[in-house]
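Residue numbers (this note's numbering): 820 to 1333.
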């Protein structure tokens, strides 16, 4: 659902603690873009904690996207439209609201975009909140520092600066969203891919617990980079950028130099692809070059251990994936694989033999390269989703007195599996669920991923369930339990399955036993 600009109406003005902002009025929705939530992270503030914005006099224009941390798309493969805007004030957000009524106290959905922790933008039409506004929800889409600037280890500088940015944005929401008709006590945090990983990290972070009440997580990798790995990666970046590895020296390095070094880490030849597959499928090494770090402070422990210990347990969680996420990332190696060789290659890459033999039976219509891609999908997204659900719900069921999910001590965890197959890819790939979740099927570039005629009833259904979760704290199917691992299947004909993630649960058992 996209909304045209109404040029004949008066521009809305809201008052924040930093100053007044002028937005855009559309039918049923008011848009305020590029509102700073923290000071520009430049000069002495670079690689530091987000600082309070100094504010402004008069009324600030908020009719267009603010400066972006991203300098450009990292890939052109079915990418989301991601505007790039130059400038220093890269810590900003977009607010979409039905009306500027402080008495309305509407629920709020704060969104963290994806992009592999190195790219992405909240400013594109896929994250326009008009459809949510039509159902009485205020949306806030935020920027945050990316790649090395956001997550790289700089000696003496705070770790997890991107997560600190997200916390700063959530603090801005707590202090200002009332002026936009929102209720600071009814904030749901959501994100997809890297944004989903950041959401899980914040769900596991004690310092963030008072800033949101529930979470929605799409296609999230586990945010579990060890501190030692971050230190090693930081040293490598210093060599690539030819800079002394000190905070003072890093402050002087241009963003373009850092981004060029980040992209040099992404290799595209066959043997690099094989090495990457081995790292993903056969080791416990970090899955991404940058991302949330277990730093002993903001993220004090592995998120799964934190969930098992009860951190975030009082917040309802709605979490899921697409069925084939990264199924096609290995398409370029298809010509090197003979039918039946994929299983042997999986074993060579570190996948347990029993599990490798199960893949061709579980996915009989997949090519050898797609089988490898599905193994990556399961390792990066689908198995972690099951692990999160198990950590939260097992902890609840094993609590003294048998505290069940949904009690005062433990809130429910609901799973979904987005299975609708695009006619473009013949699979349910990464990001395909987003236009349905935001109900923006007519937005730019959706047809490139979902085809010319994606089912509107599926968008209404998925979007409606997310709205229900945000507004009521529940959805239309039973919560996940270890003894009843239900999940809702979003498809042309959506149903609730008794155990849609059965293969991933069994795969997790095999890996644990190996």
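Note that beta-carbon positions come from the ideal geometry of N, C-alpha and C, so glycine has one too.
- Query: DSSP beta-bridge partners for residue 833?
  - Reply: 840
- Reduced DSSP category for residue 1018 - H, G, I as helix; E, B as strand; rest coil: helix
- Task: Decide if residue 1307 is buried, meaning its Cβ has at least 16 other Cβ atoms within 10 Å, or exposed.
- Result: buried
- Query: Which value, in whole angstroms, describes the spacing of the CA atoms of residue 1126 and residue 876?
  - Reply: 44 Å
- If we ignore side chains and look at the alpha-carbon of each, how far apart do residue 1226 and residue 883 end up? Because residue 1226 carries a pLDDT of 47, less than 50, the predicted location of this residue cannot be relied on, and the following value inherits that uncertainty. If I take the Cα positions, the gap works out to 44 Å.
- Per DSSP, which one or two residues make a beta bridge with residue 1009? 930 and 1035
- What do you reckon, are the CB atoms on residue 889 and residue 933 nearer than 9 Å? no
- Message: Ignoring anything shorter than 4 residues, give me the alpha helix (DSSP H) runs that lie fully in the stretch 1235 to 1262, in order along the chain.
- Response: 1253 to 1256
- Do you know whose CA, among 1229, 1288 and 908, lies nearest residue 1132's CA? 1229
- Task: Sort 1085, 1135 and 968 by Cα distance to residue 1006 and report the nearest one.
- Result: 1135
- Item | Three or more C-beta pairs below 8 Å linking the stretch 956 to 963 and the stretch 913 to 930 | yes
- Task: Kindly provide the ranges of any beta strand (DSSP E) runs that are 3 or more residues long and lie completely inside the stretch 1109 to 1173, ordered along the chain.
- Result: 1136 to 1141
- Reduced DSSP secondary structure (H/G/I, E/B, other) of residue 1065: coil
- Going by CA-CA distance only, name the one from 902, 863, 1297 and 1164 that's closest to residue 945. 902
- Task: Give the straight-line distance between the Cα atoms of residue 1238 and residue 926, rounded to the nearest whole angstrom.
- Result: 29 Å
- Task: List the endpoints of the continuous beta strand (DSSP E) containing residue 854.
- Result: 848 to 855
- Message: Using CA atoms only, rank isn't needed, just tell me which of 881, 1017, 1073 and 906 is closest to residue 866.
- Response: 1073
- Nearest neighbour of residue 1172, chosen from 1329, 1059, 843 and 1199 [CA to CA]: 1329
- Expressed to the nearest angstrom, what Euclidean distance is found between the alpha-carbon atoms of residue 977 and residue 1107? 20 Å
- Task: Check whether the Cβ atoms of residue 1063 and residue 1054 sit closer than 9 Å, and answer yes or no.
- Result: no
- Own chain, CB closer than 6 Å to residue 842, minus 5 neighbours either side, in chain order: 831, 849, 850, 851 and 881
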